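Peer 1:
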Amino acid sequence: MKSFVYLDEYKMYSLSSQIMEGVTDYVLKESSRKDSDTEEQLGPDDSGKKMGEIIQTTAASFEKKFLHDYAYSLFEQRLEELKKINHFSASSSFDELVNSIHDSRIVKLKARANFVDAGGTVETLNSFVELQAAGAILSTMDERAALIEELIEAQVLNKKTHNLTSELARLSKSPLPKEVIANERLQYESIAAVLAHGYKGRVDINMQMADCNVSADLKRAYLKDELDSLFKSYSRATDVELVMVGIVTRVRSGDSEDSDDDGSMWDKEYMSEILMQASKAIGHIEGLFTKLNGHHVIVDPIAIYLDL
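Its first residue numbered 30, the sequence shown is counted upward by one per residue in this note's numbering.
Following this line, the structure appears as structure tokens:
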């Protein structure tokens, strides 16, 4: 059995229609009632027919998800039968993976995972100064409670309370000077702006093999749970090994050298040339966020799940 974390249904059905003979092509329609329309393609194998039978429209979205999960099991089983999937683990090497993709670019990797939520990171950075101030105030809770007791007692006895109120006010705000707070806020907000532009709210998963990193960009719509629930269940750095099945799209060897265009953006006077040079310049900026370091493999993910 599989407990799904992520499933790209469109990609799964697209590939299924190409490898399963006799697949029934269902046209998904918006409907308030359960319904299905079919166009059956004849073939010797009934695996496609099974696949088609579970692609149905229904008002119950949770029911759709169960059907998609079953469809994936059929899909992966068919890949195994056709020997179209390469298996790897945390102990596998970069060379093993690279040598295997000449036969098939579909890989199945089982390893511990790290989730990176760019949107959540940006949100935290934008409020980081306030979080620091809140943490500092929480650390003085006991001192402030003691001061309040003294203050109440002094008021009952008509004693002077100026020193007590001054100390209470001091402990009720950030200990940092306002200039330092303003500078730190500017720094964190600037970092957040750069990350927001470069990563655009991406959710990434990273898995470490013996001598290389494998990563994938996840579409939020295909996550089985909200990110908060996912992080609570598995943690951002999982203790269990997850399985990722996907298509290798980029491979970078640690020995590779990046080509760089040193030409000036304004060498040509024509607007079309300026546009092309500007596009290249933007590409260099985006490369700060997309450049692969060391042995690194990028996978277009189809499914991520926990083997039960």
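Even for Gly, the Cβ is constructed at its ideal location relative to N, Cα and C.
Nothing here was measured: the structure is a model prediction, and the numbers come from that model.
At which residues does the beta strand (DSSP E) containing residue 273 begin and terminate?
Peer 2: 266-281
Peer 1: If you reduce the DSSP assignment to three classes, tell me which class residue 226 lands in.
Peer 2: helix
Peer 1: Taking one C-beta from the region 215-226 and one from the region 125-144 each time, how about it: are there three or more such pairs within less than 8 Å?
Peer 2: no
Peer 1: Output the distance between the C-alpha atoms of residue 119 and residue 229, rounded to the nearest integer angstrom.
Peer 2: 29 Å
Peer 1: What distance in whole Å lies between the Cβ atoms of residue 166 and residue 201, which are believed to be in contact at a cut-off of 8 Å?
Peer 2: 7 Å
Peer 1: Can you give me the Cβ contacts of residue 204 inside the same chain, cut-off strictly under 8 Å, excluding the 5 residues immediately before and after it?
Peer 2: Within its own chain, the residues whose Cβ lies closer than 8 Å to the Cβ of residue 204, once the five positions on either side in sequence are excluded, are 165, listed in chain order.
Peer 1: For residue 192 and residue 177, what's the separation of their Cα atoms in angstroms?
Peer 2: 12 Å
Peer 1: So, under 8 Å CB-CB, residue 20 and residue 122 are touching, yes? Tell me the CB distance rounded to an integer number of Å.
Peer 2: Lying before the first or after the last residue shown, residue 20 is absent from the chain, which here runs from 30 to 337.
Peer 1: Which ranges does the alpha helix (DSSP H) cover as unbroken runs of at least 4 residues, wholly within the region 158-196, from first to last along the chain?
Peer 2: Here the runs fully enclosed are 170-185.
Peer 1: Tell me whether residue 212 sits in a helix, a strand or coil according to DSSP, three-state version.
Peer 2: helix
Peer 1: Note down, in chain order, each residue of its chain lying with its Cβ closer than 7 Å to the Cβ of residue 30, except the 5 sequence neighbours on either side.
Peer 2: 337
Peer 1: State the start and end residues of the unbroken alpha helix (DSSP H) segment that holds residue 40.
Peer 2: 38-48
Peer 1: Could you tell me the distance, in whole angstroms, from the CA atom of residue 258 to the CA atom of residue 171?
Peer 2: 33 Å
Peer 1: Would residue 163 be called buried (16 or more neighbouring beta carbons within 10 Å of its own) or exposed?
Peer 2: exposed
Peer 1: Drop a sphere of 10 angstroms on the beta-carbon of residue 146, count the other beta-carbons inside from all chains shown, and report buried for 16 or more, exposed for fewer.
Peer 2: buried
Peer 1: Less than 9 Å between the C-beta atoms of residue 332 and residue 117, yes or no?
Peer 2: no
Peer 1: So, is residue 21 buried or exposed, given that buried needs 16 or more other C-beta atoms within 10 angstroms?
Peer 2: For the chain, the structure presents residues 30 to 337; residue 21 sits outside this window and is missing.
Peer 1: Are the CB atoms of residue 150 and residue 36 nearer to each other than 9 Å?
Peer 2: no
Peer 1: Checking 9 Å against the spacing of the C-beta atoms, do residue 143 and residue 266 come in under that value?
Peer 2: Yes, the Cβ-Cβ distance between residue 143 and residue 266 is below 9 Å.
Peer 1: Determine whether the beta carbon atoms of residue 113 and residue 210 lie at a separation below 9 Å.
Peer 2: no
Peer 1: Per DSSP, residue 104 forms a beta bridge with which residues?
Peer 2: DSSP lists no partner for residue 104.
Peer 1: Could you give the DSSP three-state label for residue 220: helix, strand or coil?
Peer 2: Residue 220: helix per DSSP, three-state reduction.
Peer 1: Where does the unbroken beta strand (DSSP E) through residue 263 begin, and where does it stop?
Peer 2: Taken as a continuous stretch (DSSP letters only), residue 263 belongs to no beta strand (DSSP E), being part of the alpha helix (DSSP H) at 256-263.
Peer 1: Can you tell me where the alpha helix (DSSP H) with residue 147 in it begins and where it stops?
Peer 2: It spans 147-155 - the alpha helix (DSSP H) in which residue 147 sits, taken as one unbroken run.
Peer 1: Expressed to the nearest angstrom, what Euclidean distance is found between the alpha-carbon atoms of residue 134 and residue 109?
Peer 2: Residue 134 and residue 109 have their C-alpha atoms roughly 13 Å apart.
Peer 1: Tell me whether residue 325 sits in a helix, a strand or coil according to DSSP, three-state version.
Peer 2: strand
Peer 1: Count the other CB atoms within 10 Å of the CB of residue 131; is the residue buried (16 or more) or exposed (fewer)?
Peer 2: exposed
Peer 1: DSSP three-state call for residue 337: helix, strand or coil?
Peer 2: coil
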